[in-house]
Amino acid sequence: ASLTASATASSSVTSTAGGALDATELFTDRDLEQTADISDATYLTVESGQDVTITEAGVYVLSGTATDVTVRVEAADDAKVQIVLDGVTIANADAPAIYVVSADKVFVATTSGSSNALSVTGTFTADGDTSTDAVIFSKEDLTLNGLGTITIDSSDNGVSSKDDLTITGGTYAITCEGDGLEANDSIAISDGSFAIDSAKDAIHSEYDEDDTFGFIYIGGGTFDITATDDGVQATTIAQIDDGTIDITAAEGIEGTYVQINGGTIDIAASDDGINAASKSTAYSAAVEVNGGDIDIVMGSGDTDAVDANGSIVVNGGTIDITASSAFDYDTSGAINGGTVTVNGTQITTMTNSMMGGDAGGAQGAGGGAGQQGNMRG
48 ASLTASATAS SSVTSTAGGA LDATELFTDR DLEQTADISD ATYLTVESGQ DVTITEAGVY
108 VLSGTATDVT VRVEAADDAK VQIVLDGVTI ANADAPAIYV VSADKVFVAT TSGSSNALSV
168 TGTFTADGDT STDAVIFSKE DLTLNGLGTI TIDSSDNGVS SKDDLTITGG TYAITCEGDG
228 LEANDSIAIS DGSFAIDSAK DAIHSEYDED DTFGFIYIGG GTFDITATDD GVQATTIAQI
288 DDGTIDITAA EGIEGTYVQI NGGTIDIAAS DDGINAASKS TAYSAAVEVN GGDIDIVMGS
348 GDTDAVDANG SIVVNGGTID ITASSAFDYD TSGAINGGTV TVNGTQITTM TNSMMGGDAG
408 GAQGAGGGAG QQGNMRG
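The following block contains the structure:
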């Protein structure tokens with residue numbers, strides 16, 4: 048692993064014009080720094096059976112191999128804490144490897160070339176009223192970045208934030224019995240490499256007390272996703288601006304308002320490929336495709352490649368569908384631009400598999416777009 052006393056390596060974010068979410072508002076400069084400034088860092092070596100408690104703002108470099116250890120952050124509400132993993136292996140039976148109880152924000156970074164492994168094999172034990180259920184579990188805003196690798200194995204969720212989860216770099220291999228990446232308020236990803244094998248959803252954002260929260264933004268990165276349920280599930284907006292995304296799941300991408308502006312997306316699904324479901328009262332259900340290269344292969348049976356409880360509109364991009372049912376919408380559907388191919392034949396008019404016949408001209412998709420911006424505080 049490589050440690051440097053500067054923050055020279057960083058990524059950048061560009062926003063898609065007219066996107067439902069403005070990506071430039073989702074990531075701070077520190078989120079995007081991939082090399083931690085460790086000039087004043089505290090160095091810690093994990094030891095079996097000895098929990099590590101961090102109570103003050105600062106940078107903490109962790110190394111070592113241990114079992115039954117929780118790195119616990121209990122800092123002030125205005126404290127920013129950065130945990131730098133530099134070759135760490137933690138194997139626990141019933142508690143998170145990293146547990147953020149309190150802070151303003153916590154960064155978990157990896158050093159260049161480092162390999163880190165975090166696992167929980169048994170049933171998670173509650174911490175008082177808090178039901179911890181992830182290998183990395185945070186009650187506050189959480190950012191993952193860096194230039195190394197984290198391998199996560201979990202008997203429940205992989206990474207969970209009860210506020211916002213932001214990822215701007217790093218390599219992640221997650222195998223879990225719950226959700227791979229989970230957050231209440233939002234998940235925003237600008238870059239990184241992800242291999243996720245999930246028994247539930249691979250990437251999931253939902254706040255069960257308020258259905259106006261829970262968006263997912265992907266602006267880059269590579270994703271190899273296998274999920275029993277959904278590859279990507281957002282309560283409000285699911286927006287993809289860029290990235291290389293390969294999903295095998297029951298449903299590929301789901302949200303109330305699904306907007307795809309770019310990227311290369313391959314979906315193999317057994318239920319719906321892309322689904323706009325009425326999950327949020329803040330948005331009208333819609334699928335809007337403005338760009339990207341999308342390939343959808345559907346399983347047999349009652350399946351739809353693109354399904355919306357509201358409208359579907361294609362304004363650009365390339366969509367290649369192999370399915371018995373290509374489009375299913377409740378209100379309107381239109382192809383205004385781009386290239387759409389269904390079972391080897393290019394089409395220019397969207398036909399509704401549910402209603403039958405020609406859909407006519409669609410209205411603009413995604414009523415309510417732009418209402419949900421930066422919630423990160």
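Counted the way this note's numbering counts, the sequence shown spans residues 48 to 424.
Idealized CB from N, CA, C, for every residue including glycine.
Bear in mind that the values here come from a model prediction, so they are computed numbers and not experimental data.
Work out the CA separation of residue j and residue i for me, nearest whole Å.
i	j	result
I446	I199	Residue 446 falls outside the range modelled here, since the chain spans only 48 to 424, and no answer is possible.
V120	V147	5 Å
V353	A323	8 Å
N390	F270	25 Å
V99	K127	17 Å
G227	F74	21 Å
A88	V153	15 Å
G217	G65	28 Å
S185	A123	14 Å
L250	Q393	According to the sequence as given, residue 250 is Ile; it is not Leu. Cα to Cα, I250 sits roughly 32 Å from Q393.
T213	I287	15 Å
E224	T295	16 Å
I130	A285	29 Å
L79	V387	36 Å
G339	D289	8 Å
S400	V336	19 Å
S162	I197	6 Å
S331	Q97	50 Å
D277	D248	5 Å
With DSSP as the reference, identify every bridge partner of residue i, one or two as the case may be.
i	result
F154	Q129 and T190
L68	Bridge partners of L68: none, in fact.
F374	V353
Y146	R119 and F184
E229	S207 and H251
E94	Q97
Out of the options, state which residue places its alpha-carbon closest to the alpha-carbon of residue i.
i	options	result
L109	D124, A126 and V135	V135
D313	I292, A83 and N204	I292
G195	F241, T177 and I234	F241
DSSP on residue i, reduced to helix/strand/coil?
i	result
D76	helix
G205	strand
D318	strand
V305	strand
I439	Since the first residue shown for the chain is 48 and the last is 424, residue 439 is missing from the structure and cannot be characterised.
S245	strand
I85	coil
E103	coil
G339	coil
N383	coil
S58	coil
T273	strand
G217	coil
N139	strand
D258	coil
Indicate whether the contact test is met: 3 or more Cβ pairs, each with one atom in the region 176-192 and one in the region 139-155, closer than 8 Å.
-> yes
Do the region 98-112 and the region 121-140 meet, that is, are 3 or more Cβ pairs less than 8 Å apart?
-> yes
Below 8 Å, can you find three or more Cβ-Cβ pairs linking the region 357-369 to the region 81-88?
-> no
Pairing CB atoms from the region 168-178 with CB atoms from the region 57-64, are three or more of them under 8 Å?
-> no
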